[in-house]
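Remarks on the structure that follows.
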Amino acid sequence: MFWLFIFTYLSVLIFLAVVIYKFIKIATAPVHLRWELYPVPHEKGKASYGGSILEEVDWWTKKREKDHLGELKVMVPEILLLKGVWEHNKELWLGSFPFHFALYLFIGNIALLVIGTLLEITGISPFVFKANSFWNSFWIIFRTVIDVLIWVGSILGILGSFRLLFTRIVNRNLSLYSTPSHYFNIIFIGAIYATALIWRLNDSDMVRNLMVYYFVIITFSKEIAVDLPLQIPAIGFVHIIISLLFIIYLPFTHMTHFFAKYFTYHSVRWEDTPNAPGSKIAERVGAQLNQTVTWAAPHIGADGNKNWIAIASAAPSKEAKR
Amino acid sequence: MKNIKIRDISSPVEQLAEIKLEELYPLPPPYDKIEEQPGFKNLSPEIRAKYEASLDGVMAVGLKKPESEEEEKKLIDAFISGLNKLFTKENNWTFLQPLTLSMEYCARCQTCNMDCPIYVGSGMKEIYRPTYRSEVLRRLYFKYVKKGSKIYKSFQNGGIELNWELIARLFELSYRCTLCRRCAQSCPIGVDNGLITHELRKMFSMEMGLSPKELHEKGTVQQLEVGSSTGMNALVVKDNMEFIDEDISERTGIKVESKWDVEGAEILLIHNSGEILTWPENPGAFALILDAAGIKWTLSSDLVGYDGVNYGLFYDDVQLARVAMKHLEIAKKLKVKKIVMGECGHESKAMGVIADRIFEGAVPRETAMTLMNDIVFSGKIKLNPERNWFPVTLHDPCNLTRSMGVIEPQRKVLRYIAPKFREMEPHGVRNYCCGGGSGFAVMSAYNFSDWRIQVASRMKFEQVLNAFADESPGPETPKYVCAPCSNCKGAFRDMFDFYGAKTKSGLYYAGLVELIVNAMVDVNEGFIDFDMM
Ligand code: SF4
Ligand code: SF4
């Protein structure tokens, strides 16, 4: 089953390539006009009530202090606990929170499995230590944590998927705005949780098998790759393949909000940098003002040559009667 | 039509939605009797034959129906062309990044819905849901702008049929949202339905030349040609200010004289010129306070320099930039230290933050709230808060609070000078829009004002009444709504007139500076005179 490993590399590569492409595309978009939305949590001493430095008389003479901890205080509960959904849409939260939190637990497991492999590479193999030694206890705890995350994550995830699917179907507010992909996505992710749980129920060596799978992937161990399939049960294969298919599919969907959210918050909602002369922003805006405008409404007065600044400096062209 | 769905926006039905008084969010007594409410004016069959009113039977913009199939096709082509330009960096660098993010990452979770005062006020009419118009635009974006397989795009984002009905309704629908951005605060992803409305309006204006007359012809175009969206030229405005100076001097016992075109002044004060015409006490009070504080200030009589209005903010980036650049040019010419924006939310936002990245080498700008807070607590003017003996509440203009974070200065002043000050709920950065935002306050064509007052202003009216619930409900106790924004005042004026709220509940509205002058010890008592309001 050598192909499984090739498929793994391919999935991860596609995922990374598309995500990085999208990330760069958003990050290199033109500087936009200011459109911040208060509360902006880095406003030191003012964020709690939504205030800003613009409350200060002669604010441009004052030192701007950004409270980065303030941003974290908002971001962490928002990402981990879906605080916004809890506050504004409790019905949805009941499904959305377990659904997302389970995903975080599974991602946590991926991180642990990678760390485990790295330790193995450095020679701290989980299979060679004597009973009662430090490393032996370490690996027992390590494997138990992964095991617990599988149990908790898959059960939470299944419950969340069912609840979310139910809400999307039954609640008219949501069903009206749901496209086929919304149901498909929940079922898809739900299948990852379900196959994980079934695998675990049928295989007390699941953690060990997973560790070997990660070891093979990271170390390119062809020999072990040939033996491994014999130890992974059929449901394990199904789980791995569904997960890999999902990794390929994810970057082509709106679910990339997992990183786009960084931009909606940091590049729009909280982006309040003033346009100081000589600054980077001033430089970039200056270049943008040189671009040719082609809007067709008569009052704009675009002729295919005039740039933004020429148009904004001119009086509105006399309009043809509408 | 019942159970409206997104695709229904292109349906050939004569009217998509109907608004019924009995379905609107209920108001507290004595405004709870449906039979006593004025309701909505019906449009005549002649008007309906000529103009598009197929969204909800309300007309904000009066879009003419196309007369031939070719004309209809031309309009559809123009729409598609505009849609594509909206997503190019050459034409729309100003908002491309936030717009694309809002288009591509909405989870359709509807978490934002109940934060929209229009949606809730309307009794949750589908077409007013913050996500309805966004979803229509989103589907069009994926269909006509984004590349990729048609089947996959429709699987991911749903389909939609583009026809004239859709365009006409979407255009009207872009004027059923006040761009207050309250919904954006609750979106966990950071999607902004207010921004989407803003961009829609821009596309209609900048590509198709379609916008409400009040904002365009009578708004920015008139302002750039004559000097002010009120139609006042420099002579008229000076005349009016002279009259205001005399009146204020007489009423307060303090000589007030407006300053014009003073080079090197500390402050260039730019009012929304609607104040000068409609609420003259406001610019008068400004003049009195600035003089009393010993500040060297000036007004400008240059074209556009005496009107801080910038309706471009609501519908057209080029018009926004044209007006903003005039303001900056004048400030530079007068070599003032800073510009102070008068009591006008959208002027403050346009000049203070939005146009910030259009200006090159800008003159610093600050809001009147900040300046007044500074003056009141500087000890330069003597105040007796007891003179403001009546209950006062504060309306937070969205543009000042949600979009600028100017929350506390005006409150600090009120807590000091108005002993019976109380907050509305919700307030500050979570306020409700007055219903006059995004230009609505000056839009009254056809039957639009019936809609705006009864739907867009509904939640505001309710919260004003609730803020004074502990006072005697009748007119015997005057109740002062401090609205430090010209457009918001316009909305309150229309709201209170419509419901007869002055007679029934003793509700009055005015700005912040009037309350300051009313409390000034050196001023004759009774500057705020409820009999005259
Ligand atoms: S705008 Fe935000 S809150 Fe509203 S449906 Fe989209 S993702 Fe959900
Ligand atoms: S911006 Fe305001 S009016 Fe518009 S949809 Fe959002 S909450 Fe409603």
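From first to last, the protein sequence lines stand for chains L and Z.
Residues in the first sequence are numbered from 833 upward in steps of one, following my numbering.
Residues in the second sequence are numbered from 1428 upward in steps of one, following my numbering.
Built from N, CA and C at the ideal position, the CB exists for glycine as well.
Keep in mind the model is a prediction, meaning the values are calculated, not measured.
Check	Outcome
Member of Met-1960(Z), Phe-1848(Z) and Pro-1836(Z) whose CA lies at the smallest distance from the CA of Phe-1817(Z)	Phe-1848(Z)
Contact set between Gly-1658(Z) and chain L, taken where Cβ atoms lie within less than 9 Å	Within 9 Å Cβ-Cβ: nothing; Gly-1658(Z) doesn't reach chain L, min ~16 Å.
Local conformation of Arg-1154(L) per DSSP, three classes	Interpretation of Arg-1154(L) is limited by its pLDDT of 41, a score under 50 that renders its predicted location unreliable; the figure taken from the coordinates is listed afterwards. Correct three-state label for Arg-1154(L): coil.
Length of the line joining the Cα atoms of Val-946(L) and Ile-1050(L)	8 Å
Close beta carbons around Thr-1515(Z), own chain, < 8 Å, minus the five adjacent residues each side	Leu-1523
CB contact check: Thr-1521(Z) to chain L, cutoff 8 Å	yes
Which listed residue (Ile-1781(Z), Thr-1605(Z) and Met-1541(Z)) has its alpha carbon closest to that of Asn-1914(Z)	Thr-1605(Z)
CA-to-CA distance, Gly-1654(Z) to Trp-1706(Z), given in whole angstroms	19 Å
7 Å Cβ cut-off: residues of chain L touching Ile-1587(Z)	By Cβ distance, chain L contributes nothing, its closest Cβ being about 11 Å from Ile-1587(Z), past 7 Å.
Selection from Gly-1466(Z), Ala-1480(Z) and Pro-1465(Z) that minimises the alpha carbon distance to Pro-1472(Z)	Ala-1480(Z)
Secondary structure of Tyr-1989(Z), DSSP reduced to three states	Outside the shown range of chain Z (1428 to 1960) lies residue 1989(Z), about which nothing can therefore be said.
Nearest candidate by alpha-carbon position, reference Tyr-1579(Z), set Phe-970(L), Asn-964(L), Pro-1130(L) and Thr-1011(L)	Thr-1011(L)
Residues, ordered as in the chain, of the segment 1761 to 1788 of chain Z that lie near chain L by beta-carbon distance below 8 Å	Lys-1765, Gly-1779, Val-1780, Ile-1781, Ala-1782, Asp-1783, Arg-1784, Ile-1785, Phe-1786, Glu-1787 and Gly-1788
Leu-1827(Z) beta carbon near ligand 2 (any heavy atom closer than 7 Å)	no
Beta-carbon separation (whole angstroms), Gly-1548(Z) vs Tyr-1452(Z), contact threshold 8 Å	5 Å
Outcome for Phe-1954(Z) when other beta-carbon atoms lying within 10 angstroms are tallied against a minimum of 16	buried
Per DSSP, the bridge partner or partners of Asn-1139(L)	Thr-1124(L)
Extent of the continuous beta strand (DSSP E) run through Ala-1937(Z)	1934 to 1937
Asn-921(L): contacting residues in chain A (beta-carbon distance under 9 Å)	Any reference to chain A falls outside this structure, whose protein chains are L and Z.
is_contact[Asp-1956(Z), chain L] using C-beta, thresh 8 Å	no
Exposed unless 16 or more other CB atoms sit within 10 angstroms - verdict on Leu-865(L)	buried
Any chain L beta carbon closer than 8 Å to Asn-1874(Z)	no
Near-chain L residues of the segment 1571 to 1602 of chain Z - C-beta to any C-beta below 7 Å	Phe-1582, Gln-1583, Asn-1584 and Gly-1585
Where Lys-1765(Z) sits in the DSSP three-state scheme	strand
Cβ-heavy atom distance, Thr-1624(Z) to ligand 2, below 7 Å	yes
CA-to-CA distance, Gln-1063(L) to Asn-1041(L), given in whole angstroms	7 Å
Partners in chain L for Asp-1801(Z), counting only beta-carbon separations shorter than 7 Å	Val-889
Helix, strand or coil at Val-1819(Z) [DSSP, three-state]	strand
Neighbour list for Thr-1558(Z) in chain L, Cβ cutoff strictly below 8 Å	Tyr-1009
Segment contact, 8 Å Cβ cut-off, at least three pairs: the segment 885 to 892 of chain L with the segment 1852 to 1864 of chain Z	no
Leu-1526(Z), buried or exposed, once every other Cβ within 10 Å from all chains shown has been counted against 16	buried
Three CB pairs or more closer than 8 Å across the segment 1602 to 1619 of chain Z and the segment 1454 to 1466 of chain Z	no
Partners in chain L for Gly-1864(Z), counting only beta-carbon separations shorter than 8 Å	Simply none; closest approach about 15 Å.
Exposed unless 16 or more other CB atoms sit within 10 angstroms - verdict on Met-1635(Z)	buried
Alpha helix (DSSP H) runs contained entirely in the segment 862 to 940 of chain L, provided each spans 4 or more residues	900 to 913 and 915 to 920
Start-to-end residues for the alpha helix (DSSP H) that takes in Tyr-1045(L)	1038 to 1051
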